[in-house]
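Taking the numbering used here, I'd label the letters of the sequence shown as residues 53 to 249.
Built from N, CA and C at the ideal position, the CB exists for glycine as well.
Heads up: the structure comes next, in structure tokens.
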Amino acid sequence: MTNAPRRAGLAALTLFATVLAGCGGAKPAAESAADVASLATASATPSAATSGAATIGRPQLRLDTTDEEENRLWYAYHLCLRDNGVKENKGRSAGATGSGPGISLDQSGEPKAAYVACANKLPLQPPELDEKRNPNYESQWNDYVQCLRGRGMKIHSLPDGSGWTYDDGVADPSGGFDGPALSKVERECTMEAFGGR
């Protein structure tokens, strides 16, 4: 199984338990935290998330943004959505992770007006992790996967470069990494491949 690419943005990094639980690939470390921190987040409408004008004034994540900083920004975005009418999944929010109380939101994408109202709070992903803004993204993505392989993970890139998946027939494809250890390795490989280190 794999995680589908999130072209609108690569988000925050809390713990990569979802990667292990889902037995699937992920984008670089900066991608996954928003999904983990919020547990559930409907995507912004494509016009709000992808138009050039929609990026003005939005918070800009960096490769070196800390988990705490990133969680704070995603929490502000999710709080805005909730305050503008997106239904909260109360049962899941109580156990949500992240800085402050977590918010688990309905995934329907409704009401659309909430996503428009909160578009200026949707964090922009680091430009290095944006295929449209980074002309070297494809080769750096391959370097990222090779870095993870070099650290012992039994993975390979998907043919379209949209993520990675575990190698077939391997007893422990994670290379023995779990939770915080996997998070650390993914962040290190992200910095090595995309940060020029």
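DSSP has residue i in a bridge; who is on the other side?
| i | result |
| --- | --- |
| residue 208 | 217 |
| residue 112 | 176 |
| residue 140 | 157 |
Return yes when the Cβ of residue j is within less than 8 Å of the Cβ of residue i, no when it is not.
| i | j | result |
| --- | --- | --- |
| residue 139 | residue 158 | yes |
| residue 242 | residue 167 | no |
| residue 205 | residue 225 | yes |
| residue 114 | residue 178 | yes |
| residue 246 | residue 192 | yes |
| residue 131 | residue 111 | no |
Could you tell me which of the options sits nearest to residue i, measuring between CA atoms?
| i | options | result |
| --- | --- | --- |
| residue 219 | 200, 234, 236 | 200 |
| residue 214 | 114, 183, 116, 227 | 183 |
| residue 12 | 227, 171, 178, 154 | Because the chain in this structure spans residues 53 to 249, residue 12 falls outside the shown range and cannot be described. |
| residue 181 | 164, 109, 244 | 244 |
| residue 142 | 162, 156, 123, 209 | 156 |
| residue 172 | 128, 124, 240 | 128 |
| residue 163 | 107, 154, 136 | 136 |
| residue 222 | 160, 154, 109, 208 | 208 |
Tell me which residue opens and which closes the alpha helix (DSSP H) that residue i is part of.
| i | result |
| --- | --- |
| residue 231 | 231-246 |
| residue 194 | 189-202 |
| residue 164 | 164-169 |
| residue 119 | 119-135 |
What do you reckon, is the C-beta of residue i under 7 Å from a heavy atom of the ligand GTP?
| i | result |
| --- | --- |
| residue 154 | Only the bare structure without any ligand can be found here, which leaves the ligand GTP out of the picture. |
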